[in-house]
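Novice: Count the sequence shown with this note's numbering and you get residues 951 to 1097, in order. Sharing a structure, written as structure tokens. Questions coming.
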Amino acid sequence: MGIIDNIKGEQIYLDTNIFIYALEAFPEYVNTLTSLFTALDEGNLKAVTSELTLAELLIKPLITKNDHLQHVYQETIQSSDNLEVIPISRQIFIDAAKIRAQSTTIHLPDAIHLASAKACYCSSFVTNDKRLKGISDINMLILSDIH
């Protein structure tokens, strides 16, 4: 059973690590992510991510001075027909604080991603961070559990 079979609804949230695996072509996830991004490209799904994703993605390429990867991430993480990149509002910060207060095992950036997904009514959250499993009532899809 592939990732598409596990998605509930038509709007999904993509965590930062999904973009890393896709854009840096991690071999163990290529097939799974190809089917996911094909579904997005064909308009069968809509994806949402936060502006926080871009900040998280840029850290390593900035450290390593990888200008090409910085450019790829900046070009990819912008709103398009298939991807909505949302700003972090005051309400998202408040909701993230509530999530973080209920589950002190996750970090604030993860709570911001979860609050962003809820604010956009995403039905599924695609990540590879096993720490997020069971944190929220959203359908959590852990990449390593699916491929």
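Note that CB positions come from ideal geometry on N, CA and C, so glycine has one too.
From this set, D1095, I1096 and N1089, which residue's C-alpha is nearest K958's C-alpha?
Specialist: Of the candidates D1095, I1096 and N1089, the one whose C-alpha sits nearest the C-alpha of K958 is N1089.
Novice: Within its chain, find whatever has a CB closer than 7 Å to the CB of T1026; leave out the 5 residues flanking it on each side and keep chain order.
Specialist: Only F969 and L973 meet the Cβ criterion.
Novice: My assumption, with CB atoms under 8 Å, is that I1096 sits in contact with T982. Please give the rounded CB distance.
Specialist: Right, the Cβ-Cβ distance comes to about 6 Å (below 8 Å), so this counts as a contact.
Novice: Following the continuous alpha helix (DSSP H) through S1000, name the residue where it begins and the one where it ends.
Specialist: Per DSSP, S1000 belongs to no alpha helix (DSSP H); it is in the beta strand (DSSP E), K996 to S1000.
Novice: Measuring alpha carbon to alpha carbon, tell me which of I1092, T1077, C1072 and E1006 ends up nearest V962.
Specialist: Checking the displayed sequence, the identity of residue 962 turns out to be Ile instead of Val. Comparing Cα positions, the closest option is C1072.
Novice: Starting from F1043, trace the beta strand (DSSP E) both ways and give me its first and last residue.
Specialist: First-last for F1043: R1040 to Q1052, but that is the alpha helix (DSSP H), not the beta strand (DSSP E).
Novice: Among F976, Q1028, T988 and I1036, which residue has its Cα nearest to the Cα of A899?
Specialist: This structure leaves residue 899 out entirely; the chain is present only between 951 and 1097.
Novice: Tell me the DSSP bridge mates of V1035?
Specialist: According to DSSP, which records beta bridges pairwise, V1035 is partnered with T999.
Novice: Once you ignore the five residues that flank L1033 on each side, which residues in its own chain have a CB closer than 6 Å to its CB?
Specialist: Cβ within range, chain order: A997.
Novice: So what's F987 in DSSP terms, helix, strand or just coil?
Specialist: If DSSP states are grouped into helix, strand and coil, F987 belongs with the helices.
Novice: Excluding the 5 residues flanking D991 on each side, which residues of the same chain have their C-beta closer than 8 Å to its C-beta?
Specialist: The answer, listed in chain order, is N1032.
Novice: Would you mind reading off the limits of the beta strand (DSSP E) that contains I1092?
Specialist: First-last of the beta strand (DSSP E) with I1092: N1089 to I1092.
Novice: Check the DSSP bridge columns for F1075 and list the partner residues they point to.
Specialist: Y963 and M1090.
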